[in-house]
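Participant: Input: one structure, supplied below.
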Amino acid sequence: MTGLVLEIQGLYGGYPGTPILSDITFTLTPGHLTVLSGPNGAGKSTLINTLAGHLPATGGRIRLGSNDITGKGAHLRARLGIGLVPQGRRLFRDLTAAEHLSIAARQPGDIARVLELLPGLQQRLSHRPPQLSGGEQQMLSIARGLLTRPTILLLDEPREGLAAPVAAAVMALLPQLAEEGIGILLADPDPNALAHTATNRLTLHRGLLIADAPRVLRPKVKQKRPV
Numbered sequence: 015m016t017g018l019v020l021e022i023q024g025l026y027g028g029y030p031g032t033p034i035l036s037d038i039t040f041t042l043t044p045g046h047l048t049v050l051s052g053p054n055g056a057g058k059s060t061l062i063n064t065l066a067g068h069l070p071a072t073g074g075r076i077r078l079g080s081n082d083i084t085g086k087g088a089h090l091r092a093r094l095g096i097g098l099v100p101q102g103r104r105l106f107r108d109l110t111a112a113e114h115l116s117i118a119a120r121q122p123g124d125i126a127r128v129l130e131l132l133p134g135l136q137q138r139l140s141h142r143p144p145q146l147s148g149g150e151q152q153m154l155s156i157a158r159g160l161l162t163r164p165t166i167l168l169l170d171e172p173r174e175g176l177a178a179p180v181a182a183a184v185m186a187l188l189p190q191l192a193e194e195g196i197g198i199l200l201a202d203p204d205p206n207a208l209a210h211t212a213t214n215r216l217t218l219h220r221g222l223l224i225a226d227a228p229r230v231l232r233p234k235v236k237q238k239r240p241v
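Going by our numbering, the first residue of the sequence shown is number 15, and it counts up by one from there.
Encoded structure:
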C-alpha cells in the first residue's frame, strides 16, 4: 500500500446553521499516530466526519496526495484511502460479523489478514452485533475500517463505553497499525491517550485547533560499557 499524506488547510465546517470548525490546518502522514483531544462539544466528531465526507466542508481544502477531495463524498474518499471507525460503531444488527467483513473486503485474503490482527473475532463470525459484547462490536467496526485498505484511518472515540481491559486492548492495536504504514487520527477526550506512542497531539477547543505538539522521536543510543 502506497501511503498518501492527508492535508487539511483552513478547514471550516459544521451543521446547517451551526458552524463549528474554524480555520483548521494540519497534516496526517502514513505511519504516524495523531491524537485529537478536547472536551465534549469541542468539535472532534465534527472534524472526523468532515474528513470522512459525512459532513460538508464550508471552507478550506482537504487533499489526499495530489487529489483535492474537499467536495467528494464519503464513498469516494473510502475508495481513495480514508477509513473510518465511527463513534457508536454503526453496525447492521441483522448482518453477521462475517457478512459485515465480506461487504467491506476489497480483495481475496484481506479478511484473513485482518483477522490475524483481531483474532478474537474469528470465533464470532456467525454472530450478529446484538450477540456480541461491546468490545467485540468495536473490534468488528475496526476490522471493517481496515478492510477498506486505508492509507489514513480515522477513529472517533473507539474506547467509549468499553470496560477498561477491553479499551486497553483497542488502544494497544493502534500503534501496531501505524507500524504497518497507516496514518492514524484518534479522537479521544483524554489528552494523555497513548502518551508513549503518539507521534503528534492536536487539541480542539470550541472548534479551534489550539495546540499541535509533535513528539520528538530520538534514536536509541547504545551505551558504551565502562573500560
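Just so it is clear, CB atoms sit at the ideal spot from N, CA and C, and this is done for glycine as well. Predicted model only: the values in this text are computed from it and were never measured.
Can you tell me whether residue 233 is buried or exposed? The criterion is at least 16 other CB atoms within 10 Å of its CB, across all chains shown.
Facilitator: Note that residue 233 scores a pLDDT of 39, beneath 50, so its modelled location is shaky and nothing firm can be said.
Participant: Which residues bound the beta strand (DSSP E) around residue 30?
Facilitator: For residue 30, there is no enclosing beta strand (DSSP E), as DSSP marks it with neither H nor E.
Participant: CA-CA distance, residue 175 and residue 76?
Facilitator: 31 Å
Participant: Starting from residue 71, trace the beta strand (DSSP E) both ways and give me its first and last residue.
Facilitator: 71–78
Participant: Have a look at residue 60 and residue 22 and give me their C-alpha separation to the nearest angstrom.
Facilitator: 14 Å
Participant: Enumerate, from N- to C-terminal direction, the unbroken alpha helix (DSSP H) stretches of 4 or more residues contained entirely within the segment 148–227.
Facilitator: 148–160, 178–193
Participant: Provide the residue span of the beta strand (DSSP E) that contains residue 49, from first to last.
Facilitator: 47–51
Participant: Do residue 166 and residue 42 count as a contact pair if the criterion is CB distance below 8 Å?
Facilitator: With contacts defined by Cβ atoms closer than 8 Å, residue 42 and residue 166 form a contacting pair.
Participant: Quick check: residue 124 and residue 161, are their CB atoms within less than 8 Å of each other?
Facilitator: Less than 8 Å separates the beta-carbon of residue 124 from that of residue 161.
Participant: CB-CB under 8 Å to residue 128, same chain, minus the five flanking residues each way: which ones, in chain order?
Facilitator: 115, 157, 160, 161
Participant: Could you pull out every residue in the same chain whose Cβ sits closer than 8 Å to the Cβ of residue 120, ignoring the five residues on either side in sequence?
Facilitator: 161, 162, 163
Participant: Checking the sheet assignment: what are the DSSP bridge partners for residue 99?
Facilitator: 169
Participant: Since residue 10 is in the alpha helix (DSSP H), which residue starts that stretch and which ends it?
Facilitator: Residue 10 lies beyond the range of the chain shown here (15 to 241); nothing can be said about it.
Participant: Cβ-heavy atom distance between residue 223 and the ligand FMN below 7 Å?
Facilitator: Questions concerning the ligand FMN fall outside what the structure shown contains, since it holds no ligand whatsoever.
Participant: Cα separation between residue 208 and residue 183?
Facilitator: 12 Å
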